[in-house]
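Numbers 103 to 269, taken from this note's numbering, label the letters of the sequence shown in order.
Note that CB positions come from ideal geometry on N, CA and C, so glycine has one too.
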Amino acid sequence: MERDYFKIRVSRSVRVALPLSYIDAALQIDRQLVCPIPGVPPGLLGVINRRGTLTWLLDLSHFLELGSVNTLPGQDLKAISIARTPLGGDGAKVDRTDRRHTVACVVSDLEGVFSPRRGTAISQKLKPRLQPLLTQIVYDGNTGIAVLDPEALLRALQDETRPVVST
(Lines of atoms letter the chains of each structure in order from A and count residues from 1; the text may use other names and numbers.)
(Lines give C-alpha, C1' and ligand atoms only; values in the text may rest on other atoms or scores of the structure.)
Protein backbone atom coordinates (compact mmCIF):
# COMPACT_ATOMS: atom_id res chain seq x y z
CA MET A 1 0.00 0.00 0.00
CA GLU A 2 1.29 3.46 -0.86
CA ARG A 3 -1.15 5.60 1.10
CA ASP A 4 -0.43 6.95 4.60
CA TYR A 5 -3.12 7.23 7.24
CA PHE A 6 -3.67 9.20 10.43
CA LYS A 7 -4.91 7.10 13.35
CA ILE A 8 -7.38 8.62 15.81
CA ARG A 9 -9.10 7.26 18.89
CA VAL A 10 -12.80 8.03 18.54
CA SER A 11 -13.86 6.58 21.89
CA ARG A 12 -12.23 4.60 24.66
CA SER A 13 -12.11 1.38 22.64
CA VAL A 14 -12.59 2.48 19.01
CA ARG A 15 -9.93 3.73 16.62
CA VAL A 16 -10.33 4.73 13.00
CA ALA A 17 -7.88 5.79 10.32
CA LEU A 18 -8.21 8.71 7.94
CA PRO A 19 -6.29 9.06 4.66
CA LEU A 20 -3.50 11.52 5.45
CA SER A 21 -4.13 13.47 2.24
CA TYR A 22 -7.49 14.66 3.67
CA ILE A 23 -6.06 15.96 6.95
CA ASP A 24 -5.93 19.74 7.09
CA ALA A 25 -4.65 20.08 10.67
CA ALA A 26 -4.52 18.52 14.12
CA LEU A 27 -6.12 20.93 16.58
CA GLN A 28 -6.26 21.59 20.29
CA ILE A 29 -9.31 23.74 21.00
CA ASP A 30 -10.16 25.74 24.10
CA ARG A 31 -13.81 24.91 24.90
CA GLN A 32 -14.55 28.58 25.50
CA LEU A 33 -13.80 29.29 21.84
CA VAL A 34 -16.60 26.99 20.61
CA CYS A 35 -19.70 28.95 19.59
CA PRO A 36 -22.80 26.71 19.82
CA ILE A 37 -25.34 27.07 17.01
CA PRO A 38 -29.00 26.40 17.89
CA GLY A 39 -31.13 24.15 15.74
CA VAL A 40 -28.38 21.84 14.44
CA PRO A 41 -28.09 18.08 15.04
CA PRO A 42 -26.68 17.20 18.50
CA GLY A 43 -23.37 15.91 17.12
CA LEU A 44 -22.49 19.37 15.82
CA LEU A 45 -20.97 21.16 18.81
CA GLY A 46 -20.84 24.56 17.10
CA VAL A 47 -18.24 26.54 15.17
CA ILE A 48 -14.74 27.81 15.85
CA ASN A 49 -12.89 30.69 14.25
CA ARG A 50 -9.74 29.48 12.52
CA ARG A 51 -7.83 32.51 11.25
CA GLY A 52 -10.99 34.33 10.21
CA THR A 53 -12.83 31.30 8.81
CA LEU A 54 -15.64 29.54 10.66
CA THR A 55 -15.16 25.78 10.93
CA TRP A 56 -17.86 23.38 12.12
CA LEU A 57 -16.96 21.21 15.11
CA LEU A 58 -18.33 17.65 15.00
CA ASP A 59 -18.36 15.13 17.87
CA LEU A 60 -17.18 12.19 15.73
CA SER A 61 -17.97 9.61 18.41
CA HIS A 62 -21.58 10.81 18.56
CA PHE A 63 -21.83 10.90 14.76
CA LEU A 64 -20.64 7.27 14.56
CA GLU A 65 -23.25 6.31 17.19
CA LEU A 66 -20.69 5.52 19.90
CA GLY A 67 -21.94 8.06 22.46
CA SER A 68 -20.43 11.48 23.05
CA VAL A 69 -16.69 11.95 23.39
CA ASN A 70 -15.62 11.98 27.05
CA THR A 71 -13.41 14.84 28.15
CA LEU A 72 -12.76 16.40 31.52
CA PRO A 73 -14.22 19.83 32.31
CA GLY A 74 -11.71 22.54 31.48
CA GLN A 75 -9.71 20.17 29.26
CA ASP A 76 -9.02 21.35 25.71
CA LEU A 77 -10.74 19.44 22.92
CA LYS A 78 -8.61 17.40 20.52
CA ALA A 79 -9.76 17.51 16.93
CA ILE A 80 -8.68 16.68 13.43
CA SER A 81 -9.67 19.03 10.61
CA ILE A 82 -10.80 17.13 7.51
CA ALA A 83 -10.93 18.63 4.02
CA ARG A 84 -13.60 17.73 1.46
CA THR A 85 -10.99 16.89 -1.17
CA PRO A 86 -7.42 15.61 -0.86
CA LEU A 87 -4.88 18.28 -0.02
CA GLY A 88 -2.29 17.66 -2.73
CA GLY A 89 -0.10 14.58 -2.72
CA ASP A 90 -1.05 13.74 -6.31
CA GLY A 91 0.81 16.63 -7.86
CA ALA A 92 -2.20 18.94 -7.83
CA LYS A 93 -1.71 22.42 -6.46
CA VAL A 94 -3.98 22.93 -3.49
CA ASP A 95 -4.36 26.02 -1.35
CA ARG A 96 -4.23 24.76 2.25
CA THR A 97 -5.49 28.14 3.45
CA ASP A 98 -8.90 27.53 1.85
CA ARG A 99 -10.81 26.04 4.77
CA ARG A 100 -14.33 26.66 3.51
CA HIS A 101 -14.88 22.94 3.00
CA THR A 102 -13.51 21.50 6.21
CA VAL A 103 -15.00 20.16 9.42
CA ALA A 104 -13.07 19.63 12.65
CA CYS A 105 -13.87 16.27 14.25
CA VAL A 106 -13.52 16.13 18.04
CA VAL A 107 -11.90 12.86 19.11
CA SER A 108 -10.58 11.24 22.30
CA ASP A 109 -6.98 11.16 21.10
CA LEU A 110 -4.76 11.80 18.10
CA GLU A 111 -2.41 8.84 17.64
CA GLY A 112 -0.43 9.78 14.55
CA VAL A 113 0.60 8.71 11.07
CA PHE A 114 1.20 5.13 9.95
CA SER A 115 1.84 3.35 6.66
CA PRO A 116 -0.15 0.11 6.41
CA ARG A 117 1.30 -2.82 4.54
CA ARG A 118 -2.10 -4.19 3.59
CA GLY A 119 -5.80 -3.45 3.53
CA THR A 120 -9.02 -5.35 3.02
CA ALA A 121 -12.71 -4.62 2.53
CA ILE A 122 -14.93 -4.69 5.62
CA SER A 123 -16.88 -7.94 5.52
CA GLN A 124 -18.94 -7.44 8.70
CA LYS A 125 -22.46 -6.07 8.46
CA LEU A 126 -22.60 -2.49 9.67
CA LYS A 127 -25.59 -0.29 10.39
CA PRO A 128 -26.86 0.99 7.02
CA ARG A 129 -25.98 4.59 7.96
CA LEU A 130 -22.35 3.61 8.67
CA GLN A 131 -21.75 1.36 5.63
CA PRO A 132 -20.68 4.15 3.23
CA LEU A 133 -18.46 5.70 5.93
CA LEU A 134 -16.43 2.60 6.81
CA THR A 135 -15.61 0.41 3.80
CA GLN A 136 -12.05 -0.76 4.37
CA ILE A 137 -9.69 -2.04 7.08
CA VAL A 138 -5.98 -1.24 7.03
CA TYR A 139 -3.39 -2.86 9.26
CA ASP A 140 -0.98 -1.09 11.58
CA GLY A 141 1.23 -4.07 12.34
CA ASN A 142 -1.26 -6.83 13.20
CA THR A 143 -4.00 -4.45 14.33
CA GLY A 144 -6.86 -3.84 11.93
CA ILE A 145 -8.25 -0.30 11.87
CA ALA A 146 -11.37 0.76 9.98
CA VAL A 147 -10.82 3.56 7.46
CA LEU A 148 -13.25 6.46 7.73
CA ASP A 149 -13.98 7.84 4.25
CA PRO A 150 -13.73 11.65 4.63
CA GLU A 151 -15.79 12.41 1.52
CA ALA A 152 -18.57 10.04 2.65
CA LEU A 153 -18.46 11.58 6.15
CA LEU A 154 -18.90 15.09 4.78
CA ARG A 155 -21.70 13.96 2.42
CA ALA A 156 -23.53 12.25 5.30
CA LEU A 157 -23.08 15.29 7.51
CA GLN A 158 -24.40 17.55 4.75
CA ASP A 159 -27.41 15.26 4.22
CA GLU A 160 -28.21 15.27 7.95
CA THR A 161 -27.99 19.04 8.26
CA ARG A 162 -29.97 19.85 5.11
CA PRO A 163 -33.31 21.44 6.05
CA VAL A 164 -36.36 19.29 5.43
CA VAL A 165 -38.83 21.03 3.13
CA SER A 166 -42.45 20.07 3.62
CA THR A 167 -44.83 20.23 0.69
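State the Cα-Cα distance for the pair residue i and residue j, rounded to the nearest angstrom.
i	j	result
A127	S183	5 Å
A206	W158	6 Å
V249	R231	15 Å
V118	I247	6 Å
L160	T245	26 Å
G243	Y107	13 Å
R153	Q134	16 Å
L168	A258	16 Å
A254	L235	5 Å
L212	L146	19 Å
V136	L156	10 Å
Q176	Q226	Looking at the sequence itself, residue 176 is Gly, so the reference to Gln does not match. Taking the straight line joining both Cα atoms gives about 38 Å.
T204	Q260	12 Å
V270	L256	The question about residue 270 has no answer here: the residues shown for the chain are numbered 103 through 269.
P144	R219	37 Å
R111	N172	11 Å
D132	N151	11 Å
L166	Y241	21 Å
Mark residue i as exposed unless 16 or more other C-beta atoms lie within 10 angstroms of its C-beta, in which case mark it buried.
i	result
L189	buried
P121	buried
V139	Residue identity differs from the one stated: residue 139 is Ile in this sequence, not Val. So I139 ends up on the exposed side.
S113	buried
S163	buried
V215	exposed
S210	buried
K109	buried
Could you check where the beta strand (DSSP E) with residue i kicks off and where it finishes?
i	result
S183	L179 to A185
L236	L236 to D242
C207	T204 to V209
Residue i lies in the alpha helix (DSSP H); which residues open and close that run?
i	result
L146	Unbroken run through L146 is the beta strand (DSSP E), L146 to R152; no alpha helix (DSSP H).
L162	L162 to F165
CB-CB under 7 Å to residue i, same chain, minus the five flanking residues each way: which ones, in chain order?
i	result
Q130	D178 and K180
R105	P121
Apart from the five residues on each side of it in sequence, which residues of its chain come closer than 8 Å, Cβ to Cβ, to residue i?
i	result
P252	L120, P121, Y124, I184, A185 and R186
I239	G221, T222, A223, I224, G246, I247, A248 and V249
L228	L236
Beta-carbon within less than 6 Å of residue i's beta-carbon, same chain only, minus the 5 sequence neighbours each way: which residues are those?
i	result
G193	No answer about G193 holds up, because its pLDDT of 40 lies below 50 and its placement is not dependable.
E262	P143
S217	D106
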